[in-house]
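Report on the structure given below.
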Amino acid sequence: MTEHSGLTHPAYGRLRQVTPYAAVMLCENPGLFELEGTNTWILRAPESQRCVVVDPGPDDHEHLRRVAQQWPVELTLITHRHGDHTGGVDHFLELSGAPIRAVDPRFRRAGMDGRPGDGLPDGAVITAAGLRIEVLATPGHTADSVSLLVDDPAGGSGVVLTGDTILGRGTTVLDHTDGSLGDYLASLEVLIEAGAGRRCLPGHGPELPDVAEVAQQYRAHRHERLEQVRGALRELGDDATPRAVVEHVYQDVDESLWPAAEMSVRVQLDYLRS
């Protein structure tokens, strides 16, 4: 096991301790949707000799090896189905031997010792690596998205691992294949209620000081964009294409980000037209 203190985001290939019970290994897979890369979270109470891994990441064998060698893995959890979080599940199972739990059955794996890889139903409480972890269903980015509320074993305020529902910087793109703006707005309300005073540990980007505060900012931003889309439809017509709406609404955004914006606009239009 190796631990590195004093590191700041981004720190590729090194375990960065964020709280006494939560550390992150940043995968070097930067991109438009991944920001600096995927955050793989490693959770364990200070006295525990085993850990919980959240989102092993893509099929990057060097990254997966680094994660697996930190502590014996008791359990792996998946926040949502996207490949930058799940692509490495099979190889990570080989390395860790630990069961993998996910909402989507495609990513569940039984452990090498026969322990089942169960689902992650809303409200489920997981006790592992000396920690209490509660599952919060937070769909919207994808239909299977969950957040994980982790209590501080020392009695502090705890943290919430938000996957891609809240990012460390920028805003979340809603997947037009199964994302839902209605679900996403409801999920933000869940995080506002559950996350007050709890640190935000996102799937991409740096950690943030308070989940509820950033969720409120996200909510305000979404409603502002919705009003802009409504305004665009009034000018362009109700049958305007997502691309036309992007060109009208996102003039303040670099054009390299327009493909991501178009995905979100598709979801916004579905919301308004339904």
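Residue 178 in our numbering sits at position 178 of the sequence shown, and the numbers go up by one each step. No residue lacks a Cβ here, since even glycine has one placed at the ideal position from N, Cα and C.
Assign residue i to one of two classes, buried (16 or more other C-beta atoms within 10 Å of its C-beta) or exposed (fewer than that).
i, result
"Ser264", "buried"
"Asp238", "exposed"
"Ala22", "buried"
"Val294", "What is shown of the chain runs 1 to 274, which leaves residue 294 out entirely."
"Ser157", "exposed"
"Leu149", "buried"
"Leu32", "exposed"
"Ser187", "buried"
"Gly117", "buried"
Do you know offhand how far residue i's Cα is from residue j's?
i, j, result
"Gln268", "Arg222", "9 Å"
"Leu191", "Asp90", "31 Å"
"Ser287", "Gly123", "Given that the chain is displayed from residue 1 to residue 274, the structure contains no residue 287 and the question cannot be resolved."
"Val246", "Pro46", "48 Å"
"Ala129", "Val52", "6 Å"
"Met1", "Ile42", "Its pLDDT being 45, under 50, Met1 is placed unreliably in this model, and the value from its coordinates should be taken loosely. Near 12 Å, if we compare the C-alpha coordinates of Ile42 and Met1."
"Ser147", "Ala137", "6 Å"
"Thr19", "His141", "26 Å"
"Cys200", "Leu167", "9 Å"
"Ala194", "His85", "24 Å"
"Ser256", "Gly155", "44 Å"
What does DSSP give as the partner residues of residue i in its beta bridges?
i, result
"Gly275", "Nothing can be reported for residue 275, as the shown portion of the chain is limited to 1 through 274."
"Ala124", "Answer is none; Ala124 lacks a bridge partner."
"Tyr12", "Leu26"
"Glu134", "Val125, Leu149"
Leaving out the 5 sequence neighbours to the left and right, which residues in its chain are closer than 7 Å to residue i when beta-carbon positions are compared?
i, result
"Ala240", "Ala232, Leu233"
"Asp59", "Gly87, Gly88, His91"
Excluding sequence positions up to five away, which residues of its chain have a Cβ less than 8 Å from the Cβ of residue i?
i, result
"Thr40", "Val24, Met25, Leu26, Cys27, Val53, Val54, Asp55, Pro56, Gly57, His63, Val67"
"Tyr271", "Ser180, Leu181, Gly182, Leu226"
Output needed for residue i: all residues of its chain with C-beta closer than 6 Å, excluding positions within five of it in sequence on either side, in chain order.
i, result
"Val173", "Ala260, Met263, Ser264"
"Leu236", "Ala244"
For residue i and chain D, any beta-carbon pair shorter than 8 Å?
i, result
"Ser274", "No chain D is part of this structure, which consists of one protein chain only."
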